[in-house]
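Residue numbers (our numbering), protein chains in the order written: chain A, 8 to 256; chain B, 13 to 329.
Since the structure comes first, as structure tokens, the remarks are kept for the end.
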């Protein structure tokens, strides 16, 4: 536990020691601000039944998730392998799982920080639309649950990709490709809409885009929770196996 | 017994980096692994530090197997890899604290130990500086401090003085010698004088094998001879030649011109007898002039070169 906490703190620290941390946060803030402008613009038009949180997804949400996740996670293992500190790390009495968990936790915390400006935007809107019940806490909660679960999946994918290589760019490309595949699955699921074939069902299950739409509407689907958590565990498990593989005979 | 390695082999992608290596290190020894680049020193150390497993054979540290009891072994060793990788964005004290906590030291204990190693490695004035801004010598000390922070029984240092300037090398060497009083030290180097000066025992490695293992003095003796003699004598060349040829104790001699009328003679005796008094008497008897007479001991360097170079190349040295 001590090693886990020490490592998590170190990872968080190193994220903010480098300029990457601030660039990602600035980028995410810009994206959120952009979405906010789009949102306010839409609200000026005709009345809509779509919840505020869902309109927001139309803006830069996926842009931020798809690009920020690889940038946050690319350095986790790749940089340590590149600079050689991986060797000093793995010759201390810490287990592979502790290392993977700590890096994953730190990345997830940074990712969640990216979404604080969104909370601010929504609260500002809520304040100016006094009493109109624009934003209910349940929907807000479910949207943040969705953001968190999808974050788990993307950070786990990033951990795995970063563990594979000592080149940060390659790590970012791999995690971007895997993340994009999950994202695009939603579009693929579209044409199958009419027929309830196995392909459509399967693609719907992995389509994080559709899942996120549900969360933004305030619908918490256990299938989606199970999917995000199990696939996160799966990728973390793979990351752990990759770390361990140097000790295979 | 601190380290017990037997029949250790390691191959990377079909390439044998370490071939059937066996050696033992007793508690309290400072042992140097000496060899040219690519001899398998780093690989052997990485195996001992539980970073990579051996392909075959066994290795144990303090009686614990490095493969099956890796966690216990890691607690007992302080390892500084080649090129001494550090986190350049951290401050010295912060980094050492981080490492101490990672190695399982409690809060107050880690503070105590960090203070102790900072003093021990002479980092007091640098403790608040960012590692990336330190000079190479200080970074090396930070690496050493990290290896020491949890008071390990065994310290493994891979090329601890590489890339340092002579005065930094001296101070790091001094530090290593001091460590030898309380810890067992295994260090690697491809620089001879370093190993000769700091280590009680030397293992010479080449192409994945251990070619020789002994104290530096014994290795010198193992060459069998007492070194050769250098004499600078002013005498007629022909007379000098016949004189050396007729001397039965000489196995071999070479002559070369020196400044002025002198000839420089390099004489290799065949036995262990000291020929200096004899040569001096000879010079007196013949009425020559003598301005230098000295005995050159085989340095470890010669032992090293003889062992690590193939026969054909040896002649050129």
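The C-beta atom is built at its ideal place from N, Cα and C for all residues, glycine as well.
Quick caveat: nothing in here was measured; it's all calculated off a predicted structure.
In this structure, the beta-carbon distance from residue 237 of chain A to residue 168 of chain A does not fall below 8 Å. Within its own chain, the residues whose Cβ lies closer than 8 Å to the Cβ of residue 217 of chain B, once the five positions on either side in sequence are excluded, are 33, 45, 46, 47, 51, 52, 53, 56 and 223, listed in chain order. Secondary structure of residue 115 of chain B (DSSP, three-state): coil.
Judged by DSSP secondary structure, residue 279 of chain B falls within the beta strand (DSSP E) whose first and last residues are 274-281. By the Cβ rule, the stretch 135-143 of chain B does not count as touching the stretch 173-193 of chain B, because fewer than three pairs are nearer than 8 Å. The criterion of a C-beta distance shorter than 8 Å is not satisfied by residue 191 of chain B and residue 15 of chain B. Not one beta carbon of chain B lies nearer than 8 Å to the beta carbon of residue 39 of chain A. The straight-line gap separating the alpha-carbon atoms of residue 195 of chain A and residue 81 of chain B is approximately 50 Å. From the listed residues B/230, B/167, B/194 and B/193, the smallest Cα separation to residue 200 of chain B is found for B/167. Within the same chain, and ignoring the five residues on either side of residue 84 of chain A in sequence, the residues whose Cβ sits closer than 6 Å to its Cβ are 169 and 170. Assignment of beta-bridge partners to residue 196 of chain B by DSSP yields B/166. The continuous stretches of beta strand (DSSP E) do not include residue 133 of chain A, which lies in the alpha helix (DSSP H) extending over residues 123-135. Residue 184 of chain A and residue 49 of chain A have their C-alpha atoms some 32 Å from each other. Residues of the same chain with a CB within less than 6 Å of the CB of residue 193 of chain A, apart from the 5 flanking positions on each side, are 214, 216 and 217 in chain order. Within the same chain, and ignoring the five residues on either side of residue 275 of chain B in sequence, the residues whose Cβ sits closer than 8 Å to its Cβ are 244, 245, 246, 247, 249, 252, 267, 268 and 269. One alpha carbon belongs to residue 44 of chain A, the other to residue 150 of chain A, and they sit about 19 Å apart. Excluding its 5 nearest sequence neighbours in each direction, residue 125 of chain A has C-beta neighbours in its own chain below 6 Å: 39, listed in chain order. Neighbours of residue 275 of chain B in chain A, taken as residues whose beta carbon is under 9 Å from its own, are absent, since the nearest beta carbon is some 55 Å off. In terms of CA proximity to residue 155 of chain A, A/120 leads the group A/180, A/145, A/120 and A/189. Residues of chain B with a Cβ closer than 7 Å to the Cβ of residue 97 of chain A are, in chain order, 63. When the alpha-carbon of residue 129 of chain B is set against those of B/148, B/142, B/107 and B/146, the nearest one is in B/107.
A residue is called buried once 16 or more other Cβ atoms fall within 10 Å of its Cβ, and residue 25 of chain A, having fewer, is exposed. Among the residues facing chain B, residue 91 of chain A is included, as its CB has a counterpart in that chain under 8 Å away.
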